[in-house]
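Undergrad: In the UniProt record's numbering, the protein residues as written are 4 to 324.
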Ligand code: AVJ
């Protein structure tokens, strides 16, 4: 009863490079300038994010884990296959697979991530831990390749960590609709989302005293320097985190500390920054339970159960197709 691991790659060789070039071109020539958050996560960025999850100010990971621990059995009831979108290091996945194993239903695990290296090592680690598990790791961009996910089994599709908050409302609606369209009767969707709360706590979670989030934020400039032969000086940009209570989202920005001219060699692009100019690098939307219900319903899901940690900080919603 040994496990099997298959890696399916939907990202052709230059996919990530092309996507980065497009995003950087679009973002740096826009006014105001912006960069999408997906480029934070090279090896250094993933390590910085993992440090963020252990910061005293950053509550979401701990709160979500508490809910997973308390309700794992209910969250995966009836499912034999776990599909995990944006699986990363699959740190919380063990809890769900354990619950499926204990219920005697566990058959398959399909982690989905853009980073092939992280994906494969997480896949092998979990295959080693659960004998007989059929692991189909899919290297794909969950915003673009949902239709290509394996359809076998009775699936629970998990999208954890509050990553849905990185999508703007329109992109979120599109994503939820597309996901709904790939699910079949009996499949479920498990969504982790951060909740609206005291602004001071929200801002502190994205502007920690130790400065780890600031380094994480500046890391996107290091990625662009390395990958696209740019000459950003990350130290010349200040970390900014603010709460936009009109949109209910945290915004992270990088503020130029002086006038600068930056060249992006691989794109033949030169961009000017004025002292004090701010460039958006991430939104992290915070939700109200009713709003989340409405968004899921509008996408064609039926919300079955909703779990929240005792402090009311974070929510896991279980919906069915
Ligand atoms: C991984 C997207 C859920 O938005 O809270 C943490 C990323 N950014 N600190 C979040 C993040 C700054 C995180 N997500």
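Glycine residues also receive a C-beta, built at the ideal position from the N, C-alpha and C atoms. As the structure is a prediction and not an experimental result, all values here were calculated from the model.
If contact is defined by three or more beta carbon pairs under 8 Å, each pair taking one atom from either stretch, is the region 51 to 71 in contact with the region 187 to 207?
TA: yes
Undergrad: Put residue 114 into one of helix, strand or coil per three-state DSSP.
TA: Stepping through the chain shown from its first residue, residue 114 is reached at position 111. Correct three-state label for residue 114: strand.
Undergrad: Measuring CA to CA, which of 158, 116, 101 and 151 is closest to residue 129?
TA: Residue numbering aside, residue 129 sits at position 126 when the chain shown is read from its first letter. Per the Cα distances, 101.
Undergrad: If you draw a straight line from the C-alpha of residue 163 to the C-alpha of residue 87, how long is it?
TA: Taking the chain shown and counting its residues from 1, one reaches residue 163 at position 160. Taking the chain shown and counting its residues from 1, one reaches residue 87 at position 84. For residue 163 and residue 87, the distance between alpha carbons rounds to 8 Å.
Undergrad: In chain order, what residues of the same chain lie with their CB nearer than 7 Å to the CB of residue 183, ignoring the 5 residues before and after it?
TA: In the chain shown, counting from the first residue as 1, residue 183 sits at position 180. Excluding the 5 residues flanking it on each side, residue 183 has same chain C-beta neighbours closer than 7 Å at 302, 303, 304 and 324, in chain order.
Undergrad: Determine, using beta carbons only, whether residue 23 and residue 231 come nearer to each other than 9 Å.
TA: Taking the chain shown and counting its residues from 1, one reaches residue 23 at position 20. Taking the chain shown and counting its residues from 1, one reaches residue 231 at position 228. Yes, they are a contact pair.
Undergrad: Quick check on the burial criterion: 16 or more other C-beta atoms within 10 angstroms. Buried or exposed for residue 242?
TA: Within the chain shown, residue 242 is the residue found at index 239, counting from 1. Under this definition residue 242 is a buried residue.
Undergrad: Which of helix, strand or coil does DSSP assign to residue 144?
TA: Along the chain shown, read from residue 1 onward, the residue named residue 144 stands at position 141. Three-state DSSP puts residue 144 in coil, outside helix and strand.
Undergrad: Any heavy atom of the ligand AVJ closer than 8 Å to the CB of residue 222?
TA: Taking the chain shown and counting its residues from 1, the one referred to as residue 222 is at position 219. It does not: the Cβ of residue 222 is nowhere closer than 8 Å to a heavy atom of the ligand AVJ.
Undergrad: Go through the region 119 to 181 residue by residue and report every complete run of the beta strand (DSSP E) that reaches 3 residues or more, in order.
TA: 137 to 142 and 158 to 162
Undergrad: Cβ-heavy atom distance between residue 107 and the ligand AVJ below 8 Å?
TA: Within the chain shown, numbered from 1, the residue matching residue 107 stands at position 104. Because no heavy atom of the ligand AVJ lies under 8 Å away, the Cβ of residue 107 does not count as near it: no.
Undergrad: Please work out which residues of its chain come closer than 6 Å, Cβ to Cβ, to residue 224, disregarding the five sequence neighbours upstream and downstream, and give them in chain order.
TA: Working through the chain shown from its first residue, we reach residue 224 at position 221. Around residue 224: 235 and 237.
Undergrad: Tell me which residues share the same chain as residue 185 and place their Cβ nearer than 7 Å to its Cβ, disregarding the 5 neighbours each side in the sequence.
TA: In the chain shown, residue 185 corresponds to position 182, counting from 1. Contacts found: 149, 150 and 152.
Undergrad: Excluding five sequence neighbours on each side, which residues of the same chain lie with their C-beta closer than 6 Å to the C-beta of residue 108?
TA: Residue numbering aside, residue 108 sits at position 105 when the chain shown is read from its first letter. Cβ neighbours of residue 108 beyond the five flanking positions: 83.
Undergrad: Does the Cβ of residue 249 have 16 or more other Cβ atoms within 10 Å, making it buried, or fewer, making it exposed?
TA: Within the chain shown, residue 249 is the residue found at index 246, counting from 1. Classification for residue 249: exposed.
Undergrad: What's the C-alpha gap between residue 7 and residue 179?
TA: Along the chain shown, read from residue 1 onward, the residue named residue 7 stands at position 4. Along the chain shown, read from residue 1 onward, the residue named residue 179 stands at position 176. Answer to the nearest angstrom: the Cα atoms are 30 Å apart.
Undergrad: Should the region 278 to 290 be called in touch with the region 254 to 262, which here means at least 3 C-beta pairs below 8 Å?
TA: In short, these stretches touch, since the Cβ pair count reaches three.
Undergrad: Closer than 6 Å by C-beta to residue 56: which residues in its own chain qualify, once you throw out the five before and the five after it? Chain order, please.
TA: What you label residue 56 is simply residue 53 of the chain shown in a count that begins at 1. Excluding positions up to five away in sequence, the list reads 64.
Undergrad: Hey, quick one: how far does the beta strand (DSSP E) through residue 197 stretch, first residue to last?
TA: Within the chain shown, residue 197 is the residue found at index 194, counting from 1. Per DSSP, residue 197 belongs to the beta strand (DSSP E) from 191 to 197.
Undergrad: How long is the line joining the alpha carbons of residue 267 and residue 228, rounded to whole angstroms?
TA: Residue 267 sits at position 264 when you count from the first residue of the chain shown. Residue 228 sits at position 225 when you count from the first residue of the chain shown. So the two alpha carbons sit approximately 8 Å from each other.
Undergrad: State the Cα-Cα distance for the pair residue 293 and residue 275, rounded to the nearest angstrom.
TA: Working through the chain shown from its first residue, we reach residue 293 at position 290. Working through the chain shown from its first residue, we reach residue 275 at position 272. Each residue's Cα considered, the two are about 43 Å apart.
Undergrad: Going by DSSP in three states, residue 204 sits in which element: helix, strand or coil?
TA: Locating residue 204 in the chain shown gives position 201, where the first residue counts as 1. Helix.
Undergrad: Rounded to whole angstroms, what is the Cα-Cα separation between residue 158 and residue 20?
TA: If you number the chain shown from 1, residue 158 lands on position 155. If you number the chain shown from 1, residue 20 lands on position 17. Distance between the alpha carbons of residue 158 and residue 20: 32 Å.
Undergrad: Measure how close the beta-carbons of residue 218 and residue 38 come, nearest whole angstrom, since I'm counting them as under 8 Å.
TA: On the chain shown, residue 218 is found 215 positions in, with the first residue counted as 1. On the chain shown, residue 38 is found 35 positions in, with the first residue counted as 1. Incorrect: roughly 16 Å between the Cβ atoms, too far for contact.
Undergrad: Between 145, 70, 41 and 154, which lies nearest to residue 139 when the distance is taken from Cα to Cα?
TA: The residue labelled residue 139 in the question sits at position 136 within the chain shown. Out of 145, 70, 41 and 154, 154 has the C-alpha closest to the C-alpha of residue 139.
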